[in-house]
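Chains A and B, in that order, are what the protein sequence lines are. Oh and the first sequence: position 10 is 10 in UniProt numbering, straight run, nothing missing. Oh and the second sequence: position 134 is 134 in UniProt numbering, straight run, nothing missing. Input: a single structure, listed below in C-alpha cells.
Number of protein chains: 2
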Amino acid sequence: MAIDHLDGRIIVLLAEEPRIGVLEMSRRLGVARGTVQARLDRLQSNGVIRGFGPQVDPAALGYPVTAFATLQIRQGQGADVRAYLTTVPEVLELLTTTGSGDMLCRLVARSNADLQRVIDRVVGFDGIVRASTAIVMENPVPLRIIPLVEQAAGAEPP
Amino acid sequence: MAIDHLDGRIIVLLAEEPRIGVLEMSRRLGVARGTVQARLDRLQSNGVIRGFGPQVDPAALGYPVTAFATLQIRQGQGADVRAYLTTVPEVLELLTTTGSGDMLCRLVARSNADLQRVIDRVVGFDGIVRASTAIVMENPVPLRIIPLVEQAAGAEPP
DNA sequence: CGTACCACTGGGCAAGTTGCCCAGCGATGA
DNA sequence: TCATCGCTGGGCAACTTGCCCAGTGGTACG
C-alpha cells in the first residue's frame, strides 16, 4: 500500500519509456533484475499499477469534441441510468457526486453538431430529469499521475 | 486517422492483455507478424495510440478521495492559474470549459479532511475567484475507450 | 491493357530478453 | 541466537524481437 522511493522510480521510468524491459530498468536503476521484477509484481498485485493498457486518443479516432454533462436523476432511477449510459460508447466515464443526486458524465463527439446527437441520446433516457453540459475547450493538464506518485514515493522515507 | 476492423481488434486485444507480444497477437488475429507490427507502428505515429504508460490507481497510492472543482478565474489570470495548478500534485487534470470562463479540475486527497487542505491550496491562489466542489462517491463507468474503439472500427467497413 | 505501388504473407537470422532457478548476504524482529 | 525477508549476482533454456527478403493479390493510374 505504501510506496517507497524505488517503487516511485520504477513507475516514473515505466511512464517515460513504456516499452522498456525489466532488464533495462534494472540497469538504469542500479539494482538487480530480480528486485525490479519483485517490485513490479508487488505493485501489480497491490493494485497500485492496474495495467498497461494502450492510451487511445479519442481525437485521433475522430472524436475531437469532449464535454462534461451534469445529470439530475429521477429518484430511484440511478441504477437504470448507469446501466443505460454504460451502453453508450460516447460516454467515456460516469461518476456519481455529492450534490442534488447528480452524476457527472464525460462525453466525446465527432463535432459540435454531433455532440447534440450524443446529448440527445444521453438525456433521452427516461430516468434523467435535467442535464447541463459544458464543452471542453482546452486541456492544460492532461490526466496525469506522475507528480502524485513522486509525492507518495518521496514523502514517506524520512 | 480512420481505423479499420483489424486496427480495432489489435487495440482491444492490447487492452485486454497488455503484456501480450506482437508475435502472440499475430497468432490470435490470424495475420502475419509483420502486419501487426506495421499496424501498431501506424497507430502510434497516427497518435491513435499515445502510449502504454502504467495505469496507476490513486486510491492504492493512499488517495482514495476524488473530487471535481469548478473554478471561476479572474479576468486575464487564466495562464497564471494553469501554471500554478500544474505544480499541485493532487491536481490530476485541468480543463477549460464553456460557461462563465470556467475551469474544471480533477482532484484527489487522502481523506475528506485532507481534501480541505487540497482545496485550500488550490483556491488559495490569487487568480481564482470562486470554487465549487463536488466529491465523487462512486464510479459506475471508469474511464474507458474500448466501446468507442469498437464503434469507430465497426462503423466504417460497410 | 500494362505497370507501379501498396499491404500482406511466410520464412529465416542473430541478438536480446524473459521466466525460472539457486546460493549467499545483511538487516530486522521474535 | 535464530529465522525471516529483501536484495544480489549468476546461470540456463526458451522465446521474442527487430530486421531482412521474395512472392502475391489488389488497386490506381498511365
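For every residue, glycine included, the Cβ atom is placed at its ideal position computed from N, Cα and C. None of the values given here were measured: they were computed from a predicted structure.
Quiz item: By Cβ distance, which residues of its chain are closer than 7 Å to MET1 (chain B), with the 5 residues on each side in sequence left out?
Solution: Translated into positions along the second sequence, residue 1 (chain B) becomes position 1. Counting only Cβ-Cβ distances below 7 Å, and skipping sequence neighbours, we find ASN46.
Exercise. Could you pull out every residue in the same chain whose Cβ sits closer than 7 Å to the Cβ of MET25 (chain B), ignoring the five residues on either side in sequence?
Key: The sequence position of residue 25 (chain B) within the second sequence is 25, counting from 1. Excluding the 5 residues flanking it on each side, MET25 (chain B) has same chain C-beta neighbours closer than 7 Å at ILE10, LEU13, VAL36, in chain order.
Quiz item: Is any beta-carbon of chain B found at less than 8 Å from that of PRO158 (chain A)?
Solution: Here residue 158 (chain A) refers to the residue found at position 158 when the first sequence is read from its first residue. Any reading at PRO158 (chain A) must be qualified, since the residue scores a pLDDT of 33, below 50, and its modelled position is unreliable; no value is offered.
Quiz item: At a Cβ cut of 7 Å, what residues of the segment 65 to 79 of chain B count as close to chain A, listed as they run along the chain?
Solution: For the segment 65 to 79 of chain B, the set of residues with a beta-carbon nearer than 7 Å to any beta-carbon of chain A comprises PHE68, in chain order.
Quiz item: If you run the structure through DSSP and keep just helix, strand and coil, what is ASP102 (chain A)?
Solution: For the purposes of this step, residue 102 (chain A) is identified with residue 102 of the first sequence, where counting begins at 1. When secondary structure is reduced to three states using DSSP, ASP102 (chain A) falls in the strand class.
Practice problem: With a threshold of 16 other CB atoms inside 10 Å of the CB of THR97 (chain A), please say whether the residue is buried or exposed. | Solution: In the first sequence, the residue the question calls residue 97 (chain A) occupies position 97. Flag for THR97 (chain A) reads buried.
Self-check item: Buried versus exposed, by CB contacts within 10 Å (16 or more), ARG39 (chain A)
Solution: For this step, residue 39 (chain A) is matched to residue 39 along the first sequence. Counting Cβ neighbours within 10 Å, ARG39 (chain A) comes out buried, since at least 16 surround it.
Quiz item: Hey, VAL123 (chain B) and ALA131 (chain B): beta-carbon distance below 8 Å or not?
Solution: Position 123 of the second sequence holds residue 123 (chain B). Position 131 of the second sequence holds residue 131 (chain B). Judged by their CB atoms, VAL123 (chain B) and ALA131 (chain B) are nearer to each other than the 8 Å cut-off.
Quiz item: On the three-state DSSP scale, how would you describe GLU156 (chain A)?
Solution: For the purposes of this step, residue 156 (chain A) is identified with residue 156 of the first sequence, where counting begins at 1. Confidence in GLU156 (chain A) is poor, its pLDDT being 45 and thus under 50, which makes the residue's placement unreliable; the coordinate value appears in the next sentence. Judged by DSSP in its simplified three-state form, GLU156 (chain A) adopts coil rather than helix or strand.
Practice problem: Name, in chain order, the residues that DSSP records as bridge partners for VAL91 (chain A). | Solution: Translated into positions along the first sequence, residue 91 (chain A) becomes position 91. Beta-bridge pairing links VAL91 (chain A) to A:LEU107.
Practice problem: Rank B:VAL108, B:ALA60, B:GLY30, B:SER100 by C-alpha distance to the C-alpha of ILE3 (chain A) and give the top, closest one. | Solution: Position 3 of the first sequence, counted from the first residue, corresponds to residue 3 (chain A). Comparing Cα positions, the closest option is B:ALA60.
Exercise. Compute the Euclidean distance between the alpha carbons of VAL129 (chain A) and VAL108 (chain B), then round it to the nearest angstrom.
Key: Mapped onto the first sequence, residue 129 (chain A) falls at position 129. Mapped onto the second sequence, residue 108 (chain B) falls at position 108. Approximately 29 Å between the Cα atoms of the pair.
Exercise. Pick helix, strand or coil for ALA67 (chain B), following the three-state DSSP scheme.
Key: Working through the second sequence from its first residue, we reach residue 67 (chain B) at position 67. Strand, per DSSP.
Self-check item: Cut-off 6 Å between Cβ atoms - residues of its own chain near VAL56 (chain A), not counting five sequence neighbours on either side
Solution: Translated into the one-based positions of the first sequence, residue 56 (chain A) becomes position 56. Once the five neighbours on either side are set aside, VAL56 (chain A) has no close Cβ partner at all.
Quiz item: Using a C-beta to C-beta distance shorter than 8 Å, which residues of chain B count as neighbours of PHE52 (chain A)?
Solution: Your numbering for residue 52 (chain A) matches position 52 in the first sequence. Proximity of chain B to PHE52 (chain A) at the Cβ level (cut-off 8 Å) is accounted for by PRO18, ARG19, PHE52, GLY53, PRO54, GLN55, in chain order.
Quiz item: Under the DSSP definition of a beta bridge, which residues are partnered with ARG130 (chain A)?
Solution: Position 130 of the first sequence, counted from the first residue, corresponds to residue 130 (chain A). According to DSSP, which records beta bridges pairwise, ARG130 (chain A) is partnered with A:GLN72.
Quiz item: From this set, A:PRO18, A:PRO140, A:ALA79, which residue's C-alpha is nearest THR86 (chain B)'s C-alpha?
Solution: Locating residue 86 (chain B) in the second sequence gives position 86, where the first residue counts as 1. Among A:PRO18, A:PRO140, A:ALA79, the Cα nearest to that of THR86 (chain B) belongs to A:PRO140.
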